[in-house]
Amino acid sequence: MKGLDKLVYLLTVFLSGYVIIFGIDSHSQSQYAAIFYTVAFGVILLTSLLLMLGGNELFANDFLSIIATVIPISLSIGLTAENCKSPLAYGITVVFLFILAILIKYFSKGKLSLLSLGVIHLISGSIIVFMPVFLIFFRNLPATYVLFSLGGVLLGLTGTVIALEKLGVKTKYYNLISKYFSFVMLTATFLFVLGISN
Amino acid sequence: MKKIKKYFPLIKILQTLLLLITGITGYISAQCPVIKPEIFLGLIVSLFLAISGSTILNMWYDRDIDAKMNRTKKRPLSTGEVSDKEALVLGLVVSALGVGLAVIMSPLYGAVVFAGLFIDVVVYTIWLKRRTAWSIVWGGISGGMPILAGRVLGTGKIDLIGILFALAILLWIPTHILTFSMKYFEDYKEAGIPTFPSTYGNHKTRIIIAFSAFFAALSIAIISFGLGLSWGYLRLFSVLTVGIIGVAVYSVIKPSEKMNFVLFKFASLFMLSSMLLIIFGLFK
Numbered sequence: 000m001k002g003l004d005k006l007v008y009l010l011t012v013f014l015s016g017y018v019i020i021f022g023i024d025s026h027s028q029s030q031y032a033a034i035f036y037t038v039a040f041g042v043i044l045l046t047s048l049l050l051m052l053g054g055n056e057l058f059a060n061d062f063l064s065i066i067a068t069v070i071p072i073s074l075s076i077g078l079t080a081e082n083c084k085s086p087l088a089y090g091i092t093v094v095f096l097f098i099l100a101i102l103i104k105y106f107s108k109g110k111l112s113l114l115s116l117g118v119i120h121l122i123s124g125s126i127i128v129f130m131p132v133f134l135i136f137f138r139n140l141p142a143t144y145v146l147f148s149l150g151g152v153l154l155g156l157t158g159t160v161i162a163l164e165k166l167g168v169k170t171k172y173y174n175l176i177s178k179y180f181s182f183v184m185l186t187a188t189f190l191f192v193l194g195i196s197n
Numbered sequence: 000m001k002k003i004k005k006y007f008p009l010i011k012i013l014q015t016l017l018l019l020i021t022g023i024t025g026y027i028s029a030q031c032p033v034i035k036p037e038i039f040l041g042l043i044v045s046l047f048l049a050i051s052g053s054t055i056l057n058m059w060y061d062r063d064i065d066a067k068m069n070r071t072k073k074r075p076l077s078t079g080e081v082s083d084k085e086a087l088v089l090g091l092v093v094s095a096l097g098v099g100l101a102v103i104m105s106p107l108y109g110a111v112v113f114a115g116l117f118i119d120v121v122v123y124t125i126w127l128k129r130r131t132a133w134s135i136v137w138g139g140i141s142g143g144m145p146i147l148a149g150r151v152l153g154t155g156k157i158d159l160i161g162i163l164f165a166l167a168i169l170l171w172i173p174t175h176i177l178t179f180s181m182k183y184f185e186d187y188k189e190a191g192i193p194t195f196p197s198t199y200g201n202h203k204t205r206i207i208i209a210f211s212a213f214f215a216a217l218s219i220a221i222i223s224f225g226l227g228l229s230w231g232y233l234r235l236f237s238v239l240t241v242g243i244i245g246v247a248v249y250s251v252i253k254p255s256e257k258m259n260f261v262l263f264k265f266a267s268l269f270m271l272s273s274m275l276l277i278i279f280g281l282f283k
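Chains as they are written, first to last, in numbering that gives the first Met the number 0: chain A, 0 to 197; chain B, 0 to 283.
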């Protein structure tokens, strides 16, 4: 791994760390949202740290792909905890589906194993992308909240390309994403942070 | 300048700086109402000299086994770039300066600094390292002395928090040293140094590493909470704790050289980050 990639991952670590220390309390009044945002940025921090130490070869690690799923789950639960009247229903449902997906992943073979986590990403990713837009238009939240959605779009597209590669569907974007993944992580994290800091 | 360049590799600068940072953390943790620049500078200089001195003396004593190991055969003493006599004199002078300054600053502080040096060089390196894999316990005790010393300088006494700090370092040491000895298993075998992997096997060693990570993190958590760190800092510390325990446990379940290397690096970053979190969390 190049030195520049390591530096970019390190910046992502610092940015996530900063948000965990200072950003979450100043943004959210909801205790549950604070917990889940901490989990999300914590996983971003640890993922960046592990990739910095272990290199992009860790992409192939199944356990890391499970851990990475925690990011959209936690961000989406945080969003619903802040902005929905009954966030518990969504939270319980998505966690249950996550556990189910992990069981399917380990006890099945082939494409079903690979697709199981994809469903979770789709559900939680949709919340991350569309809820801020909904809140801007119907609840008059600041327009900068859309940056949260953009972060979700960026990570979502990246994750989709990586997942397709694992399914055996070659795309011309995989090499590009592998090469610049550190920048994708940093940019997405930055967008989440800007979106949350409104 | 040429001589500094020649002697510089003898002090293992990264290790020395990490230990120095632990010492600074111990001092900051005392939360003195006023941090006098001369005391702070004295802390840094005395600890740096004492730690460097003990490192040089260790390298002097271990020059024979260093010559046998691939990892260390290019060290200045192994290659002859620095003579045995030069290294011994340098080690003794630097150690004496460090301990001497520490004693002048405070007799109790000086005693703790001397204890760290003595345990590291005499007990760990000279007496036990070539005899038993359990020598790392004493290595860990000596590693905990800088942080205890810093705390002693700040508080004027050996207190529970200081002891917990030293214990945290002792508990962390297996995560650091055992991953290292697994990575360089063949080197240590070649040199005839007993290690946990060679004595108890890799699986048991990995389990010890996982427990070590857990208890070290628990100790630092108790200290951080006891010192009154804000929730933001405690949250970040929790994240790092989950990370290191997770990687350590994963290494037990799915061992690999890659994950062992990641854990080794992570352990050092974990200790450094914990110390910096305490420093920044308390420094006013």
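Yeah, the Cβ is synthetic: ideal placement off N, Cα and C, and Gly gets one too. The structure presented is a predicted model; accordingly, all values stated were derived computationally and were not measured.
- By the beta-carbon neighbour count (other beta carbons within 10 angstroms, threshold 16), A/Leu-111 is exposed.
- Using a Cβ-Cβ cut-off of 9 Å, A/Asp-4 does not count as an interface residue toward chain B, since no Cβ of chain B sits closer than that to its own.
- Non-local C-beta neighbours of B/Ile-64 in its own chain, meaning closer than 6 Å and more than five positions away in sequence, comprise Ala-190, ordered along the chain.
- B/Asp-61 sits in coil when the DSSP states are folded into three classes, being neither helix nor strand.
- DSSP places A/Leu-57 in no alpha helix (DSSP H); its state is neither H nor E.
- The beta-carbon of B/Arg-234 is placed less than 9 Å from the nearest beta-carbon of chain A.
- Comparing C-alpha distances from A/Leu-14 to each of A/Ile-65, A/Gln-30, A/Leu-44 and A/Ala-33 shows the shortest one belongs to A/Leu-44.
- Measuring C-alpha to C-alpha distances from A/Ser-125 to each of A/Ile-76, A/Tyr-36, A/Arg-138 and A/Leu-10 identifies A/Ile-76 as the nearest.
- Taking a Cβ-Cβ threshold of 8 Å, the residues of chain B close to A/Ile-19 are Gly-231, Arg-234, Leu-235 and Val-238, in chain order.
- Contacts with chain A at 9 Å (Cβ-Cβ) do not include B/Lys-72.
- Its Cα nearest to that of B/Val-151, the residue B/Ala-165 stands out among B/Thr-78, B/Ala-165, B/Gly-139 and B/Ala-132.
- Separation of B/Leu-76 and B/Lys-156 (C-alpha to C-alpha, rounded to the nearest whole angstrom) is 39 Å.
- With respect to chain A, the C-beta atom of B/Lys-203 has no partner C-beta closer than 9 Å.
- In terms of CA proximity to B/Ser-272, B/Gly-242 leads the group B/Ser-105, B/Ile-125 and B/Gly-242.
- When secondary structure is reduced to three states using DSSP, A/Ser-64 falls in the helix class.
- Under the three-state reduction of DSSP output, B/Ala-165 falls in the helix class.
- Taking C-beta atoms as the reference points, B/Ala-86 and B/Met-58 count as a pair closer than 9 Å.
- Residues of the region 95-127 of chain A that bring their beta carbon within less than 7 Å of a beta carbon in chain B are absent altogether.
- The DSSP assignment places complete alpha helix (DSSP H) segments of no fewer than 4 residues inside the region 153-231 of chain B at 159-182, 184-190, 195-199 and 201-226, in order along the chain.
- The C-beta of B/Arg-234 has 16 or more other C-beta atoms within 10 Å across all chains shown, which makes the residue buried.
- Interface criterion met: the Cβ of A/Leu-45 is under 9 Å from a Cβ in chain B.
- A direct Cα-Cα distance of roughly 26 Å separates A/Leu-102 from A/Gly-151.
- Residues of the region 251-267 of chain B with a C-beta atom less than 7 Å from some C-beta of chain A are Lys-257, Val-261, Lys-264 and Phe-265, listed in chain order.
- Non-local beta-carbon contacts of A/Leu-154 in its own chain, meaning distances under 6 Å to residues more than five positions away in sequence, involve Ala-187 in chain order.
- In chain order, Arg-234, Leu-235, Ser-237 and Val-238 make up the part of chain B whose C-beta sits under 9 Å from the C-beta of A/Thr-37.
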